[in-house]
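Below is one structure, written out as structure tokens; comments come after it.
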Ligand code: SF4
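In the numbering used here, the protein residues as written are 591 to 994.
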């Protein structure tokens, strides 16, 4: 038996959590979780990484599987409660690892049941405090959790509240996964049977594919039967269009894909989604076709389209969009814009959205309009974090500001 002490963290586990070993470029340079001690947060290890860590400790792979089941199927964050694991191993695990959810900063609950949490990320020494948002949207037949993958975002989409805060840092795998665990625990659901979270969407703060390695490991934990065990159709990665990473995702994991399209032509998309200047619509659509090529016939891509009054909501835009999509297995999701302070955009009127939707449908494009949710709370993504952070900044300068 190994007698490694807490400072001798299994090297492979540390590498796996940090996502080392991939050399693709900036998006593959994972953010090592800023732990306060030498113990590794198990939310950051997918099954193969955890098994490898156990092997380094001289423990059998099935022990790693048991630990995962305790964490993700029973909601346990205390090794002492893992009753089918011997006391000696439980104690060794507690010296190597920790199961550490994020800290709640603030919660808003809408009258429609939507919940928005601001969660504090672990703070590296000498670095500013960082927070992210996680949102739960209950519906009749499902519960969707919208999670963040970066603190802030560098993509600078002009209609986005998160973009206004700029980019702070990538989230580690542990920080991404722990949002789901935290939400399930907070909502009080049964981790095993009647799940309150049936769907997870990477549509919170950040561009998930710009934090590729950490997001990929998080996806594996979400989809793994020993992890959250979610169905591949119920875990959606939404991207603004990092074409090379759409191809990587297609090759690496089977998950649903959404594209933040928001405009039917390059001239307009260049203004709304600046990454379009690097990967224009034609290249993006080709990547979408490559994604669909390897999938079964039930798979489709969701094109997200925020409705901005007088900008992208005219009949000619709808016709152009229908032409762009053509016969692709796709659905368009029209999103009424959620205004936030300092934005120059306005939400399209309901009748304008309906007209847009009618044109798409008439041309055979599957179209839905997202119900506006959480209008009585800070509904725009990143808006609440912005408020909390500016409150914190103002506190530092001695001016207390009340958060509504
Ligand atoms: S819309 Fe998404 S990709 Fe664009 S700036 Fe906001 S968070 Fe980033």
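Here a beta-carbon is modelled for each residue, glycine too, at the ideal position from N, C-alpha and C.
Asked	Found
Under the criterion of a Cβ to heavy atom distance below 7 Å, does residue 739 qualify as lining the ligand SF4?	no
Let me make sure I understand the geometry here. Which of 679, 764 and 785 has the alpha-carbon closest to that of residue 726?	785
Would you call residue 705 buried or exposed, if buried means 16 or more other Cβ atoms sit within 10 Å of its Cβ?	buried
Taking only the alpha-carbon atoms, compute the straight-line gap between residue 855 and residue 910 and give it to the nearest angstrom.	8 Å
Measuring only from the beta carbon, is residue 897 closer than 7 Å to any heavy atom that is part of the ligand SF4?	no
Does DSSP put residue 615 in a helix, in a strand, or in coil?	Residue placement at residue 615 cannot be trusted, given a pLDDT of 42 that sits under 50; the coordinates are not used to answer.
Between the C-alpha atoms of residue 864 and residue 745, what's the straight-line distance to the nearest angstrom?	7 Å
Any heavy atom of the ligand SF4 closer than 7 Å to the beta-carbon of residue 746?	yes
Under three-state DSSP, which class holds residue 705?	strand
So, residue 700 versus residue 925, is the Cβ gap smaller than 8 Å?	no
Within the same chain, show all residues whose beta-carbon is closer than 7 Å to that of residue 830, passing over the 5 residues directly before and after it, in chain order.	745, 747, 797, 850, 863 and 865
Mind listing, in chain order, the continuous alpha helix (DSSP H) runs of no fewer than 4 residues lying wholly within the stretch 620 to 708?	637 to 646, 651 to 664 and 677 to 686
Determine, using beta-carbon pairs with one atom in the stretch 919 to 939 and one in the stretch 684 to 693, whether at least three such pairs fall under 8 Å.	no
Using a Cβ-Cβ cutoff of less than 8 Å, which residues in the same chain neighbour residue 819 once the five nearest sequence positions on both sides are dropped?	662, 663 and 813
Could you give the first and the last residue of the continuous beta strand (DSSP E) run that contains residue 757?	757 to 760
Straight-line CA distance for residue 765 to residue 709?	10 Å
What residue range does the alpha helix (DSSP H) around residue 906 cover?	905 to 915
Measure the Cβ-Cβ separation of residue 955 and residue 903 and say whether it is below 8 Å.	no
With a threshold of 7 Å (Cβ to nearest heavy atom), would residue 796 be considered close to the ligand SF4?	yes
Hey, would you say residue 711 sits closer than 8 Å to residue 691, going by beta carbons?	no
What alpha helix (DSSP H) runs, 4 residues minimum, are completely inside the stretch 804 to 883?	833 to 842, 856 to 862 and 871 to 883
Span of the alpha helix (DSSP H) holding residue 777?	763 to 777
Since residue 741 is in the beta strand (DSSP E), which residue starts that stretch and which ends it?	740 to 742
Could you pull out every residue in the same chain whose Cβ sits closer than 6 Å to the Cβ of residue 946, ignoring the five residues on either side in sequence?	903 and 908
Could you give the first and the last residue of the continuous beta strand (DSSP E) run that contains residue 792?	789 to 792
Determine the direct distance from the alpha carbon of residue 671 to that of residue 775, and round the result to whole angstroms.	16 Å
Taking residue 914 as the reference, which of 879, 885 and 938 has the closest Cα?	879
On the CB-based measure, 16 or more other CB atoms within 10 Å of its CB, does residue 729 come out buried or exposed?	exposed
With distances taken between CB atoms, is the gap from residue 881 to residue 826 smaller than 8 Å?	no
Taking only heavy atoms of the ligand SF4 into account, decide whether any of them is closer than 7 Å to the Cβ of residue 853.	no
Using CA coordinates, which residue listed in 916, 929 and 932 is at the minimum distance from residue 952?	916
Report yes if the CB atom of residue 702 is closer than 8 Å to the CB atom of residue 964, and no otherwise.	yes
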